[in-house]
Amino acid sequence: MRAYGIIVPLWTVFGAGVQSFDLDRRNSSSICSQLKSVFPSQITLPADAGFEGLRTANWDPVTWKTPRCVATPNCTAEVQQLVKVLGGSNTSFAVRSGGHSPSPGAANIDDGVLVDMSRINHITLDQGSNMVKIGPGNRWKDVLAVLGPKNVTVVAPRVLDVGVGGSILGGGLSYLSDKYGLACDNVVEFEVVLSNASVIVANATHHSDLFWALKGGGNNFGIVTSYVVRTHPLGKIWGGFRAYTPDQLPNVLSALAEYQATVDDADSSLILNIPLNNLTTSGFILNMVYLRPVVEPAAFKLFLDIPYAVDTTKIQNYDELLGSTPLPDLPRWAFRATTFAANGTLYHEILNRASNASELAQLSSLTAGTSLFSMQPISRRVYQHGLAQGGNPLDIGNINQLWGAFSTGWWNADDDLKAHTLSKALVGKINDVARGSGLHRNFLFMNDADWDQDVLHSYGNGSFSKLKKVSQKYDPTRILQRLSAGGFKLDS
Numbered sequence: 044m045r046a047y048g049i050i051v052p053l054w055t056v057f058g059a060g061v062q063s064f065d066l067d068r069r070n071s072s073s074i075c076s077q078l079k080s081v082f083p084s085q086i087t088l089p090a091d092a093g094f095e096g097l098r099t100a101n102w103d104p105v106t107w108k109t110p111r112c113v114a115t116p117n118c119t120a121e122v123q124q125l126v127k128v129l130g131g132s133n134t135s136f137a138v139r140s141g142g143h144s145p146s147p148g149a150a151n152i153d154d155g156v157l158v159d160m161s162r163i164n165h166i167t168l169d170q171g172s173n174m175v176k177i178g179p180g181n182r183w184k185d186v187l188a189v190l191g192p193k194n195v196t197v198v199a200p201r202v203l204d205v206g207v208g209g210s211i212l213g214g215g216l217s218y219l220s221d222k223y224g225l226a227c228d229n230v231v232e233f234e235v236v237l238s239n240a241s242v243i244v245a246n247a248t249h250h251s252d253l254f255w256a257l258k259g260g261g262n263n264f265g266i267v268t269s270y271v272v273r274t275h276p277l278g279k280i281w282g283g284f285r286a287y288t289p290d291q292l293p294n295v296l297s298a299l300a301e302y303q304a305t306v307d308d309a310d311s312s313l314i315l316n317i318p319l320n321n322l323t324t325s326g327f328i329l330n331m332v333y334l335r336p337v338v339e340p341a342a343f344k345l346f347l348d349i350p351y352a353v354d355t356t357k358i359q360n361y362d363e364l365l366g367s368t369p370l371p372d373l374p375r376w377a378f379r380a381t382t383f384a385a386n387g388t389l390y391h392e393i394l395n396r397a398s399n400a401s402e403l404a405q406l407s408s409l410t411a412g413t414s415l416f417s418m419q420p421i422s423r424r425v426y427q428h429g430l431a432q433g434g435n436p437l438d439i440g441n442i443n444q445l446w447g448a449f450s451t452g453w454w455n456a457d458d459d460l461k462a463h464t465l466s467k468a469l470v471g472k473i474n475d476v477a478r479g480s481g482l483h484r485n486f487l488f489m490n491d492a493d494w495d496q497d498v499l500h501s502y503g504n505g506s507f508s509k510l511k512k513v514s515q516k517y518d519p520t521r522i523l524q525r526l527s528a529g530g531f532k533l534d535s
């Protein structure tokens with residue numbers, strides 16, 4: 044770290060009654076030691092018990108780093124104090140909610156300070172207003188466990204172990220999105236600690252520009268310490284998966300395109316998961332969810348008529364359904380996002396191109412090499428819901444489309460670069476097919492994107508320049524661009 048030798052009195056940072064000391068800017072180790080003297084139970088140093096568990100709490104080992112210390116604030120006021128110290132001392136830091144992103148450097152940091160939000164985990168339901176106040180330290184399983192017994196839910200991602208913070212700030216796709224929009228569209232208020240350590244509340248009437256930017260703009264504007272989110276009534280639902288043999292893939296792809304073109308039922312949602320590297324031996328899986336307790340609803344008739352090998356669909360609770368979707372058990376993963384206009388011919392072409400790509404064979408040759416292509420149909424209703432709530436930066440367009448998520452898993456750390464390079468090339472070939480048909484869309488879904496994808500520039504309607512202006516307004520000294528690691532940055 045660069046040495047500036049500035050003295051910051053502790054009472055201006057931590058409140059009156061605490062003696063001042065020299066915030067030595069030579070390195071983050073010094074900052075960590077000084078923070079430890081003030082916050083002994085909130086700062087964990089490398090020599091402390093529990094440090095290794097905090098350092099490796101991120102889901103994907105690809106993202107594990109070695110911070111100089113981990114700060115676990117208990118409340119918004121302590122986040123303010125940390126931001127004042129870190130910004131004032133020019134100390135690099137990262138912020139972690141759930142740590143689910145597999146992007147290297149996301150929600151972790153080497154040498155700087157990792158701010159772990161897990162202790163800010165309040166969940167306060169106000170049934171009178173149909174709102175719930177949620178701390179960023181929660182995972183969605185914690186939230187649904189509170190809401191489920193009340194027969195209400197929120198627009199939460201499809202995997203319960205995902206953290207609240209990163210999923211909302213990246214957009215947040217859900218089985219409820221056709222009916223209510225993305226997770227970010229269902230936030231009515233953000234409490235945010237800005238880079239100058241002040242706290243503001245952003246909503247549709249106060250700091251509305253920041254409110255808009257936080258709905259998918261990532262970690263570029265401040266540290267969110269609380270979300271007020273709409274709840275929605277939900278009782279029993281029908282859902283699960285059907286597994287199909289490889290020979291049925293053409294039929295399911297055709298059904299998917301027809302479903303997007305003809306079915307208009309906001310209670311229905313699905314995702315098609317295709318293991319590209321062992322499709323011929325293992326088949327593939329279609330997850331279907333219907334937000335009412337209707338067995339084999341008519342919305343899915345196109346798929347229900349196709350012969351299947353395994354069927355787990357049933358009437359169940361929503362959190363039970365999500366809890367039956369485990370995270371993959373391979374130690375290393377990378378995601379990569381892409382988007383197409385809805386088109387059946389294209390679906391067949393991109394699957395054929397991917398299945399025969401040399402990169403797929405090379406990925407499969409890695410130890411435990413696994414390649415999964417997830418096809419997520421997105422109806423124009425998702426865009427319309429966002430627009431009705433004041434809009435969001437994503438501006439995905441008023442068309443039916445498909446969000447593709449290419450997931451690569453492998454075992455050895457030595458293969459990290461190779462896996463990234465090959466998956467990038469493979470998705471590039473898929474995109475070339477779509478571009479050749481005029482059906483490729485620029486939009487990249489942040490929650491499914493890899494670290495080198497230009498997510499923020501992919502947003503529509505001039506959103507990037509608007510996001511940049513909001514960032515410059517609320518972070519004029521660019522602390523969140525210069526010092527805060529991880530995510531997709533506006534200044535990079």
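In terms of this note's numbering, the sequence shown is residues 44 to 535. All residues carry an ideal CB built from backbone N, CA and C; glycine is no exception.
The beta carbon of residue 200 sits closer than 8 Å to those of 183, 210, 215, 216, 217, 226 and 490, all from its chain and outside the five residues before and after it, given in chain order. Taking the Cα of residue 249 as reference, the smallest distance to any Cα among 265, 239, 261 and 231 is reached at 231.
For the stretch 294 to 332, the continuous beta strand (DSSP E) assignments of 3+ residues that do not extend past its boundaries occur at 311 to 318, in sequence order. Going by DSSP, residue 159 is part of the beta strand (DSSP E) stretching over 156 to 159. If you look at residue 170, you'll find it isn't in any alpha helix (DSSP H); DSSP assigns it neither H nor E. Secondary structure of residue 279 (DSSP, three-state): coil. Between residue 133 and residue 526, the CB-CB gap stays under 8 Å. Check the Cα spacing between residue 222 and each of 196, 239 and 234: the tightest is with 196. About 11 Å separates the Cβ atoms of residue 345 and residue 331, ruling out a contact at the 8 Å cut-off.
The C-beta distance from residue 379 to residue 449 rounds to 4 Å, short enough to fall under 8 Å. In chain order, 314 and 446 place their CB closer than 6 Å to the CB of residue 419, counting only its own chain and leaving out the 5 sequence neighbours on each side. In this structure, residue 233 keeps its C-beta atom at 8 Å or more from the C-beta atom of residue 514. Ranking 454, 275 and 528 by CA distance to the CA of residue 494 puts 528 first. Under the three-state reduction of DSSP output, residue 206 falls in the strand class.
Comparing C-alpha distances from residue 361 to each of 202, 100 and 81 shows the shortest one belongs to 202. In this chain, residue 222 is not harboured by any beta strand (DSSP E); it is covered by the alpha helix (DSSP H) spanning 220 to 223. Counting C-beta pairs with one atom in each stretch, the stretch 159 to 175 and the stretch 269 to 284 have three or more that are closer than 8 Å, which means they touch. Within 10 angstroms of the beta-carbon of residue 442 lie fewer than 16 other beta-carbons, which makes it exposed. In this structure, residue 482 places its C-beta atom within 8 Å of the C-beta atom of residue 384.
Comparing alpha-carbon positions, the option among 439, 459, 349 and 162 lying closest to residue 180 turns out to be 162. Under the criterion of beta carbons closer than 8 Å, residue 398 and residue 319 qualify as touching, at roughly 6 Å. Put simply, the stretch 348 to 358 touches the stretch 276 to 293. At least three CB pairs are less than 8 Å apart. Judged by DSSP in its simplified three-state form, residue 420 adopts strand. Ranking 479, 466, 236 and 252 by CA distance to the CA of residue 516 puts 252 first. Within a 10 Å sphere around the beta-carbon of residue 304 sit fewer than 16 other beta-carbons, which makes this residue exposed. Residue pairing by DSSP puts residue 232 in a beta bridge opposite 271.
Short of 7 Å from the beta carbon of residue 423, and not among the five residues preceding or following it, lie these beta carbons of its own chain, in chain order: 441, 442 and 443. The beta carbons of residue 208 and residue 140 sit closer together than 8 Å.
With respect to residue 503, residue 421 sits apart: the two C-beta atoms are not nearer than 8 Å.
In this structure, the straight-line span from the alpha carbon of residue 463 to that of residue 401 is close to 15 Å. At least 8 Å separates the beta-carbon of residue 236 from that of residue 245. Its chain contains 410 as the residues whose beta carbon lies nearer than 6 Å to that of residue 455, once the 5 sequence neighbours on both sides are disregarded; these appear in chain order. Three or more pairs of CB atoms, one per stretch, sit closer than 8 Å, so the stretch 149 to 160 contacts the stretch 100 to 113. Rounded to whole angstroms, residue 452 and residue 374 show a C-alpha spacing of 8 Å. In this structure, residue 238 sits near residue 126, with a CB-CB distance shorter than 8 Å. Contiguous alpha helix (DSSP H) elements confined to the stretch 474 to 523 occur at 498 to 501 and 506 to 517, taking only those with 4 or more residues.
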